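Notes follow once the structure below has been shown.
2 protein chains.
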Amino acid sequence: MRDTATMVNGFDMSSVDALDPELRTIVERRASLLGPAYKLFYRNPVRIVRGEGVHLYDADGQAYLDAYNNVPSVGHCHPRVVEAIARQAATLNTHTRYASELILDYAERLLGTYPASIGNVMFTCTGSEAVDLALRIARFCTGADGVVITANAYHGVTAAAAEISPSLGPAVPLGRAVWTVAAPGPGDTHDSLAARVRTAIADMNRHGVRLAAFIADTLFSSDGIRPEPAGFLRPVADAVRAAGGLFIADEVQPGFGRTGEAMWGFQRHGAEPDLAVMGKPMGNGMPIAGVAARPEILQEFGNKIRYFNTFGGNSVCVAAAAAVLDVIETEGLRENARVVGGYLRDVLEGIAKDEPRIGAVRACGLYAAVDFVRPGDGEPDGDAALRVVNGLRERRVLISATGPDGSSLKIRPPLPFSRPDVDQLADALTATLRTR
Amino acid sequence: MRDTATMVNGFDMSSVDALDPELRTIVERRASLLGPAYKLFYRNPVRIVRGEGVHLYDADGQAYLDAYNNVPSVGHCHPRVVEAIARQAATLNTHTRYASELILDYAERLLGTYPASIGNVMFTCTGSEAVDLALRIARFCTGADGVVITANAYHGVTAAAAEISPSLGPAVPLGRAVWTVAAPGPGDTHDSLAARVRTAIADMNRHGVRLAAFIADTLFSSDGIRPEPAGFLRPVADAVRAAGGLFIADEVQPGFGRTGEAMWGFQRHGAEPDLAVMGKPMGNGMPIAGVAARPEILQEFGNKIRYFNTFGGNSVCVAAAAAVLDVIETEGLRENARVVGGYLRDVLEGIAKDEPRIGAVRACGLYAAVDFVRPGDGEPDGDAALRVVNGLRERRVLISATGPDGSSLKIRPPLPFSRPDVDQLADALTATLRTR
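Protein sequence lines correspond, in order, to chains A and B. Sequential numbering from 184 applies to the first sequence in my numbering. Sequential numbering from 184 applies to the second sequence in my numbering.
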């Protein structure tokens with residue numbers, strides 16, 4: 184089921200003839216204009232024309248419950264964010280080489296959500312650019328090159344970020360200075376990941392490579408979502424620093440309250456990063472991302488190296504990002520992620536209890552994974568997960584799949600997701616499981 | 184005058200005490216929040232709060248004539264673009280994995296401005312990301328690693344783009360597989376650059392490195408703006424292809440009608456690229472950029488490699504970009520760049536005629552360079568150019584400087600720049616030259 188670009192839940196162009204004629208025309212036109220690198224979701228792609236809150240609407244006016252998109256994190260087309268974008272776009276949209284208080288007010292608020300040790304922030308447009316910049320900073324700061332990552336990590340699509348993203352598949356080689364460790368998994372204790380990282384660093388050193396950084400998505404999204412036991416990243420950070428490297432927390436997915444327990448994923452672990460990378464939900468869909476840093480790490484880099492990102496921290500994207508912080512606070516979305524996320528986990532565990540095809544449920548806030556396995560031998564079953572993803576799509580509930588085998592449902596809705604939304608998702612899941 | 188990060192026209196933090204108290208507070212707060220990598224323009228930074236057309240306004244309501252910013256290419260806060268952004272932000276802002284005609288309609292229009300050989304486009308958020316992607320494609324497609332660039336090129340700030348950007352200064356090493364050639368200059372004939380590129384490729388091959396690509400800004404902006412004699416890029420493209428490499432046209436600055444003579448800089452040269460990189464003016468300040476490509480080059484890359492840029496080609500940025508094409512067409516901005524650009528060149532040449540400190544004027548459309556030299560020996564005089572840039576800023580006309588010595592004024596206004604705007608710029612320049 185996985186195509187050669189190893190994308191989970193990608194539409195396969197060889198089945199284009201099975202689509203309804205109008206959609207088929209769009210899909211073929213798309214292939215001819217955008218080329219083969221662009222993949223659509225689902226066996227029967229969705230044609231979306233409008234969004235509002237936790238719903239997307241297709242060209243026929245049908246509503247889809249969005250249980251997938253973490254980018255429009257405060258809800259599709261949130262009026263407060265839309266208003267901020269429209270107002271700022273009509274007033275000024277410029278870069279960071281003129282003095283402006285807009286970006287400073289935002290930077291101050293954003294840094295206020297971090298531990299006191301994190302005192303600076305630099306803005307980019309995408310999480311990939313933020314990861315790329317964090318790598319540049321870490322390598323400059325340490326004078327070293329080596330990076331340790333988890334086995335199915337995803338950190339982005341620039342050349343440097345792709346080199347530390349094994350989940351992009353075998354056609355994208357890892358960098359020569361990149362070492363992988365097994366992701367956190369069943370049976371792991373508090374120190375298991377740290378022990379694997381120490382072993383990887385020792386092997387790296389044996390090959391004459393010194394450690395620049397360990398980087399991890401603090402929820403291990405592409406490794407199948409691995410939140411427990413919270414705390415295991417703290418000894419990892421200690422091991423990394425003992426080897427002279429930096430601990431980079433990739434908060435592109437866990438950040439901005441997704442876990443419910445904290446604003447940032449590393450906080451669940453009692454660990455403090457040297458650099459933290461943010462992205463996706465930061466501007467509710469506007470291209471803004473960034474690197475938060477301990478100031479002493481940026482000092483020499485910033486003095487010697489000119490970094491200017493034309494659109495990074497531009498006025499409109501910053502206005503959107505400030506409105507996102509407003510909404511997270513005034514609507515209590517972090518608390519909602521905790522409470523509704525807990526309910527989601529309970530409901531999924533209830534479904535899993537009587538379902539031999541489900542091996543495990545893992546969840547943290549509004550981010551849940553449901554592992555599908557072959558009932559006979561318990562092996563990961565990516566085809567089963569994919570059938571469920573497509574079955575939910577036919578019931579107009581949008582999710583996807585993740586993990587090294589694509590065998591885990593990936594449930595990651597906008598943060599205003601409610602208990603009735605969970606119930607709708609659960610009903611659709613139950614109905615789908617009944618027929619497949 | 185050039186700081187260690189070799190930024191032309193950067194504010195020097197050691198002179199922060201000289202600023203008025205309110206501005207000083209902002210500048211110090213900025214350094215403390217954003218860190219030392221963020222540089223401001225001018226000895227006396229400008230505090231901008233509003234933009235409209237070719238004007239920016241400071242906190243005291245003073246108007247500045249913008250003769251620098253090419254990003255708000257159709258004018259600051261153009262109502263048609265603002266309206267498109269506001270409308271789309273309120274309707275839908277999503278990624279490219281749902282079927283949508285919005286991005287296809289735009290892609291089709293955009294590709295319609297290219298030669299027929301360029302049939303695909305991929306979207307990113309920044310020019311840096313587009314350059315980075317073009318390098319990934321070129322290296323995948325050729326199986327080679329080597330890149331030839333000009334001596335003071337600038338192509339971006341991702342790790343891979345910075346490796347081909349010598350203008351970032353000595354603290355940013357060029358890649359080991361990167362060879363530089365002297366930029367086009369006085370005395371060059373139609374084949375001079377091609378001859379230098381052939382020599383570089385031969386030397387590269389002698390070192391066991393094969394050519395993946397030659398990449399150049401088709402106006403050679405950071406090399407001091409080198410438009411003439413138009414045509415010299417054609418034999419370069421031939422030499423590059425003969426060596427098995429790809430010709431990548433960096434259109435981030437020349438593109439979207441800036442040259443007046445054509446939509447794309449390579450068209451002035453009668454050359455066709457294999458890949459073209461777009462950015463800055465594409466969305467009038469919204470983060471959208473892209474790579475246009477010959478389809479056969481993308482074929483294997485796209486089939487084997489998953490490329491997904493979360494914000495790349497998102498609905499709001501595409502709506503802004505479509506409005507930009509509308510405005511360029513309906514307001515005849517390319518023609519305006521040709522006509523007003525010609526007038527700008529004439530006016531600058533008139534000023535240069537009686538001014539021994541000016542060595543040369545080069546211009547192409549609404550992009551002009553004025554070289555400052557020491558009257559005694561004709562050596563480049565970066566300090567003189569910088570004094571003029573700051574003198575114009577005090578007269579509320581915004582430009583900057585460029586070139587390997589920072590000795591060329593960089594005049595690059597939004598495309599609706601008018602003859603009276605040129606006159607105002609000329610008056611301010613004359614007045615500045617009189618006092619310095």
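Here a beta-carbon is modelled for each residue, glycine too, at the ideal position from N, C-alpha and C. Bear in mind the structure is a predicted one, so any value in this text is a computation, not a measurement.
Check	Outcome
Test item: CB-CB of residue 331/B and residue 366/B under 8 Å	no
N-terminal and C-terminal residue of the alpha helix (DSSP H) that residue 297/A is part of	Premise fails: residue 297/A is in no alpha helix (DSSP H) and is neither H nor E.
Nearest to residue 300/A (by Cα), restricted to the options 228/A, 308/A and 481/A	481/A
Residue(s) in a DSSP beta bridge with residue 224/B	193/B
Length of the line joining the Cα atoms of residue 374/A and residue 409/A	15 Å
Min CB distance residue 599/B to chain A below 8 Å	no
Residue burial classification, residue 252/A (beta-carbon count within 10 angstroms, cutoff 16)	buried
Helix, strand or coil at residue 388/B [DSSP, three-state]	helix
Within chain A, the residues that residue 550/B reaches when beta carbons sit closer than 7 Å	Neighbours of residue 550/B on chain A: none; closest Cβ ~16 Å, over 7 Å.
Residue 505/B versus residue 285/B: straight-line alpha-carbon distance, rounded	9 Å
Same chain, Cβ closer than 6 Å to residue 303/B, five either side skipped, listed in chain order	476, 478 and 481
Nonlocal neighbours in the same chain, by C-beta distance under 7 Å from residue 386/A, ignoring five residues either side	362
Residues in the region 313-334 of chain B having any Cβ partner in chain A nearer than 7 Å	315, 318 and 319
Residue 460/A, DSSP secondary structure in three states	strand
Distance, residue 547/A Cα to residue 369/A Cα	16 Å
For residue 465/A and residue 507/A, believed in contact at Cβ under 8 Å, the rounded distance	7 Å
Proximal residues of chain A, C-beta to C-beta of residue 585/B below 9 Å	Here the premise fails: no neighbours, minimum Cβ distance about 14 Å.
Backbone secondary structure at residue 570/A - three-state DSSP	helix
Cβ-based contacts, 8 Å cut-off: residues of the region 206-230 of chain A near chain B	206, 209, 210, 212, 213, 215, 216, 217, 218, 219, 220, 221, 222, 223, 224, 228, 229 and 230
Three-state secondary structure (DSSP) of residue 525/B	helix
Residue 249/B in three-state terms, based on DSSP	strand
Proximity of residue 534/B and residue 442/B at Cβ, strictly below 8 Å	no
CB contact below 8 Å: residue 572/B versus chain A	no
Beta-carbon separation (whole angstroms), residue 231/B vs residue 469/B, contact threshold 8 Å	Not really, about 18 Å apart at Cβ, beyond 8 Å.
For residue 399/B, the nearest candidate out of 577/B, 457/B and 446/B (CA to CA)	457/B
Cβ distance (whole Å) where residue 580/A is taken to contact residue 247/A below 8 Å	7 Å
Closer than 7 Å: residue 608/B CB and nearest the ligand NAD heavy atom	What this structure holds is no ligand at all, so the ligand NAD is not there to describe.
Bridge partners - residue 397/B, DSSP secondary structure assignment	331/B and 430/B
The region 198-217 of chain B contacting the region 283-297 of chain A, beta-carbon criterion three pairs below 8 Å	yes
When 346/A, 319/A and 356/A are compared against residue 345/B, the one with the closest alpha-carbon	319/A
Span of the alpha helix (DSSP H), counted from its first residue to its last, around residue 209/A	204-217
Selection of the region 482-494 of chain A by Cβ proximity to chain B, strictly under 8 Å	482, 484, 485, 486, 487, 488, 489, 490, 491, 492, 493 and 494
Residue 350/B, buried or exposed, once every other Cβ within 10 Å from all chains shown has been counted against 16	buried
Beta-bridge pairing of residue 306/B - partner residues as DSSP gives them	473/B
Contact the region 428-447 of chain A vs the region 539-556 of chain A: 3+ CB pairs below 8 Å	yes
Minimum Cβ-Cβ distance from residue 170/A to chain B less than 8 Å	No statement about residue 170/A is possible, as the shown extent of chain A runs from 184 to 619 and does not include it.
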